[in-house]
Amino acid sequence: MITQNDLIRYFFVEAEEHLNTLIEGIEELENKGFNKDTVEALFRATHTLKGSASLVKFEKLVTVAHKLEDLFEALLKGDLKYQESFIYPIKNSVNTLVTLVNEISQTGQEKSEINKALLESIENIVTKKAVPTEYIEIPTFEVMPILNTVRVDIGLIESILTSLGEVLVQKNTVADKEKQLNDILEEMSKSIKKLLNEINTFSDRYWIMTQEKDQKVIDSFFVDFSDLEFDRYDEYHIFLRKLQEITNDINESLISLFELMNDISYTFKNLGREINFLKDYLLEMRMIPIGRLLHRISESAKDIARKLGKMIDIEIKGSDIKIDKPIFDSLYEPLIHIIRNAIDHGIEKQEERAKLGKPQIGKILIEAKKEGRNIVIKIKDDGKGIDFEKVKEIAIYKGLLNPNQAQSLTKEEILSYIFAPGFSTSEDVDFQSGRGMGLNIVKTAISKLKGTIEISSELNKQTIFTVKIPQSLTVTNLLIFKSRNIEFAIPVGYLEEILYLEDFPQLQTERVIIHKNKTIPVKFFSEFFFSSNGKVLDKGFIIVFNFSGIRKGLVVEEILGHEEATILPLGKFLEGLTQYTGYFISGKGTPRYVIDPLKIFEEEFIFASVQDKSFEPYIYTGSVLVVDDSISVRKSLQSILENKKIRVFTAKDGVEALNILENKSIDLIITDLEMPIMHGYELISRIRKDLRFKDLPIVVLTSRGTKKHEEKAISLGADGYIVKPFDDNVISEILKRFQILKNNLTTQ
Amino acid sequence: MPEEVKEERSYCVFGVGDREFIIPKENVVQILDITKIFPIPGAPDYIVGTLPVRGKIIPAVDLAKVYNIERLNYSENKLLVIEVNNEKFGILSDITPFFVSFESDIVVEDYIDPEKLFEKLKVTSPKSQIKSKE
C-alpha cells in the first residue's frame, strides 16, 4: 500500500510541474493577452493540482486551486471575457499556491491563512459581480525551493546520451587495442627471455671452449701469469658481453613498459567504471519514478471499477523504481488495458464473490520490481482466472494452434495464445474467462519497448500478467554473434539461456531440443538468413529465447560476447529490412546488424526466400585468375572472360595471386612476368612446387617476346605463352586449349 | 533515361562496367575508397553491403545489377556517396568519378535522377521484394 508519505512525495513532483505551468501560463497571459491554448493549459494545471491536493488532503490548496479553476473554465467556455485587470487576482492566487506548497514541503502543513478578499474577488469575477480594481499589489513569485531541480530539455539529454554512445564505442576500441598491446608485450617479453637465454648459454659455452683452448697456450708460455691478470677476452667475448648487456637493458625497459601498461590498464578500468557511472546517472536523469504512472493507473482503474459496478482495492508496490521517460509515456496504455481486462473480465461482482467465499472486495496488485537492467511489472487480480482448456479450444478453432501440437504444450504455453493476433475480437462472445480482447495490441506495444509479457493463471483464483521491459531504451545490452563471417547482435531482453550445440546431437535432424522438460523448437540462423542448404554444424551454440512464455532456440556458429551499445536506425534506404532493428559499429569498425528475434520466429520466413544471390550472382562455366600489375590489362581480360561467363579473380602481383589460390577454386591462371613484390617466374615456380596445383594450367601473358623468356617460363612450368597485345580470339584459343569453357562453347 | 538539361549545371560522372552515368553534383557528398564492404543478408542483390563511415553505415548499390551490366569484381572500385533528402547511399563506380559542366540544351544520356533512383532502389517491405524478383 502506498503510504501517506509516498503520496506527498509524488504530490510534490507533480505540484512542481503544475506550478511551473501556471507561472509560465500567467506570464503569457500577461504579455500576450487571452489565448485559448494558454488558458486551457492553466485550466488543466489547476484542475490536476486540485485533484492531487485533495488526495493528500491539503484543503487550502484545494480551495484556491478550485477557485482558479472556475475562473479559467469560465474563460475557456466563453462565459466570461478576459480583461487585463484579471491578472492581479490570478497572480496573487497562484502566489498563494506557491507559498502553500513551499510551506508543506518545509513543515508538512499549510500554515498561511488564505486571503478571503482574494478568493472573493475571483468569485466576483466569475459571477460577474465586479471587476477587480488595479490597486491590488503585484506579487513577485517566490522561488520554489520544493525540490532541488532544474528543468532540462529532454532533447539535450538525448544529445548527451548519443555522445555517450560514441564514447562507449571509442572505449571499446581502446579496450581492444589495450588487449592487443598486452599480447604484443607478452610476446616480446618471451622473445627477449629466449634471446637472453641463448646468449647466456652461448657465452658460457664459448667461455669454457676458449678457456680450454687457452689453457694449453698458457701452460707452455705464461705459467707465471695468474688467470686474473691474463686478458683472455677476445673480440667475441666483448661482443657477447655487449649483447648480454643490451638484451638486459631491453628486458629492463620491457619490465618498465609492463608496469606502465598495468598503470594504464588500471586507469583505463577506472575510466570505464566512471563512464558507466556517467551513463547510469545520465539515464537516471531521464527517468521518472514508476509510481507516478502506477498512481495514475490506479486512479483510472477505480473509475473503471465504479462504472462497471465492481468493488476493487488496488495495492501498488515498488513505486520508487525509475523508468525511462519514453517507456513511461508508452507504458500507460498497455497497462491500463490489462487492468481494464482484469476488472471487466476477472474480478467478479460482489454477490458472485460472496457465493464463491471470496472477500467481497476484489483485489488488484500492481508490483514493480527491478531485475538487473529490466523492470518487471506484475499485475495480479484475484478474479476468475483463465480457463486454459477454453483457450486451447479457441486457439484450435481459430486455426492458431494445431490439435496435435496442442497436446505437447504446457499450460503456460497454451495461455500465451491469448496474445496471438486474431485470437479474440470484439465480435466474440465474452468467453467465460474472457481475456482475449485486444491483448495482441498490448503485446505489440510491449514488444515495441523491447519488452515481453507473460501470463499465468489459476482458474477461479487469480491471474498474473508479468510485463518485463528494459529500464532504458537508449543503451541496449546485446549478445554478439557471428555467422558466415558477418557479425550480428541480438538484444538480451528475450534471451533466457545459451546451450552448447554438442549437447543436443539429435538437433540436426529433429529441429527441436528437450531442455528442462520443455520441448523447444530450434532454427538455424545461417539457414534462415542465408538460405544455405543445411551444412551440418559440429560446433555452435543454441540461444534460447523466451517470448512471453514461448521458448524458441536459435543455432549460431560463434558467439563473440556481450556488449552495450546504442542501436542506430538503418535509415530510410534500408528500413524495409524489417528483420533488423538497427545496427551499431563495433570497436573494430565492423557493422553489426541488430536482429529482431521476434521476426525470426513470428514472421514465417518471408525473407527466407530471398536467395543468396548477392554472393553468387551467376553460374560460371569456369574460373580464371588474372595476375597483372596493369589495371587496364586486368580489366580488359576480365571483360573478355566475363563475357564468356567465366568467373574472374584478379591479383596485382604474385603474392596476391597465391592468396587467392588458397581460398578460391581456380581453373586457369593467366599471369604477367614483370610485377612488383613477386614476379611471374617466382609465382610459376611456387605454384608448381605445391602438389595441389601441379596440374593447374598457367599461361604467361607478357610483352617480352624473346625466346629466352619463353623458354625460362616453360622450364619453370608454364603451359602457354602469349605475347601482348592480345584479343578475344587469342583468349578463346587458350580457353579452348585448356578446356575451361567446358560445355559452353556453343553459346559463344 | 535521356533527359534534357535546361541550365548549365555541374554533374558527377561515374562508371559501371563500360557505361558511364551522370548525376547532379549537388547530390554528391563524398567519394570513398572501398576498403571492405560488409554484406547485409536479406537485402536485394543490388545492395552489395554496407560501408562504415564515421560511426554510420552507408549502403552500397551496384547499378550493374540494376541495369544488367555485367561486371563482377569490385577490387578497383570507388564508392560515390549520394545524399537524397538527408539519407545517404553509395553507388559503386569502376572509374574515379569526376565532375563536368554542361552547356544548356544538351541532351544527356544516362542521366540519373537521384530521388527517383532512391525511390526505385530503397528496400521496401520483404513481401514486395519477392514480388519484384518474379
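So the sequence lines, in the order shown, correspond to chains A and B.
Reminder that position 593 of the first sequence reads as 593 in our numbering, one-by-one numbering, no gaps.
Heads up: take any position in the second sequence, counting from 1, add 748, and you land on our numbering.
Glycine is no exception: its CB is placed at the ideal position from the N, C-alpha and C atoms.
Owing to the predicted nature of the structure, the values given are computational and were not obtained by experimental measurement.
| Query | Result |
| --- | --- |
| Alpha-carbon spacing of P359 (chain A) relative to H515 (chain A), whole angstroms | 41 angstroms |
| Where E733 (chain A) sits in the DSSP three-state scheme | helix |
| Proximal residues to G434 (chain A) (C-beta, below 6 angstroms), its chain only, five neighbours per side dropped | Summary for G434 (chain A): the model assigns pLDDT 42, below 50, so the residue's position carries little reliability; its value from the coordinates is reported in the next sentence. Around G434 (chain A): H345. |
| Three-state secondary structure (DSSP) of L365 (chain A) | strand |
| Contacts that F529 (chain A) makes with chain B (C-beta to C-beta distance below 8 angstroms) | P789 and G790 |
| Sequence-distant residues of its chain with Cβ nearer than 8 angstroms to E756 (chain A) (five each side left out) | Examination of residue 756 (chain A) is not possible in this model, given that chain A is present from 1 through 748 alone. |
| Residues of its chain near R737 (chain A), where Cβ-Cβ distance is below 6 angstroms and the 5 sequence neighbours each way are ignored | none |
| Beta-bridge partners of I543 (chain A), as assigned by DSSP | A:I498 and A:L554 |
| Backbone CA spacing between H562 (chain A) and N248 (chain A) [nearest angstrom] | 41 angstroms |
| Residue closest to E299 (chain A), alpha-carbon to alpha-carbon, out of A:P289, A:D313 and A:R286 | A:D313 |
| At least three beta-carbon pairs within less than 8 angstroms, the segment 189–207 of chain A to the segment 315–329 of chain A | no |
| The segment 449–469 of chain A touching the segment 501–509 of chain A, judged by at least three CB pairs closer than 8 angstroms | no |
| Runs of beta strand (DSSP E) wholly within the segment 675–715 of chain A (minimum 3 residues, chain order) | 698–702 |
| First and last residue of the uninterrupted alpha helix (DSSP H) at Y721 (chain A) | Per DSSP, Y721 (chain A) belongs to no alpha helix (DSSP H); it is in the beta strand (DSSP E), G720 to V723. |
| The segment 80–98 of chain A contacting the segment 122–129 of chain A, beta-carbon criterion three pairs below 8 angstroms | yes |
| Buried versus exposed call for P846 (chain B) [16 or more other C-beta atoms within 10 Å across all chains shown] | Per the sequence shown, residue 846 (chain B) should be read as Phe rather than Pro. Classification for F846 (chain B): exposed. |
| Test item: CB-CB of I646 (chain A) and I740 (chain A) under 9 angstroms | yes |
| Which residues DSSP lists as bridging F649 (chain A), in chain order | A:L625 |
| Length of the line joining the Cα atoms of G436 (chain A) and I779 (chain B) | Only weak support exists for where G436 (chain A) lies, its pLDDT of 45 falling under 50; the coordinates are left without a value. |
| Counted within 10 angstroms of its Cβ, other Cβ atoms place N341 (chain A) as buried (16 or more) or exposed | buried |
| For L415 (chain A) and L7 (chain A), the rounded distance between their alpha carbons | 36 angstroms |
| Sequence ranges, beta strand (DSSP E) only - wholly within the segment 751–837 of chain B, length at least 3 | 751–753, 757–764, 767–772, 776–781, 795–801, 804–809 and 826–832 |
| Close beta carbons around I805 (chain B), own chain, < 6 angstroms, minus the five adjacent residues each side | T798 |
| L574 (chain A) at chain B interface by Cβ criterion, 9 angstroms | yes |
| Chain B residues whose Cβ lies nearer than 7 angstroms to that of G571 (chain A) | E835 |
| Alpha carbon of E711 (chain A) to alpha carbon of L683 (chain A), nearest angstrom | 16 angstroms |
| Neighbour list for E333 (chain A) in chain B, Cβ cutoff strictly below 9 angstroms | Within 9 angstroms Cβ-Cβ: nothing; E333 (chain A) doesn't reach chain B, min ~26 angstroms. |
| Best match in A:F545, A:F465 and A:T702 for proximity to I498 (chain A) [C-alpha to C-alpha] | A:F545 |
| Separation of E768 (chain B) from S849 (chain B), as counted between CA atoms | 15 angstroms |
| Proximity test, Cβ basis, 9 angstroms: V610 (chain A) and chain B | Below a pLDDT of 50, predicted positions are generally treated as unreliable, and V610 (chain A), at 32, falls in that range; no measurement from the model is reported. |
| Chain B contact for L735 (chain A) (CB, 9 angstroms cutoff) | no |
| Any chain A beta carbon closer than 9 angstroms to T872 (chain B) | yes |
| As assigned by DSSP and simplified to three states, the class of N374 (chain A) | strand |
| Cβ-Cβ distance between N816 (chain B) and S841 (chain B) below 9 angstroms | no |
| Residue closest to G362 (chain A), alpha-carbon to alpha-carbon, out of A:K370, A:K349 and A:K355 | A:K349 |
| Straight-line gap, I734 (chain A) to V624 (chain A) (C-alpha atoms, nearest Å) | 11 angstroms |
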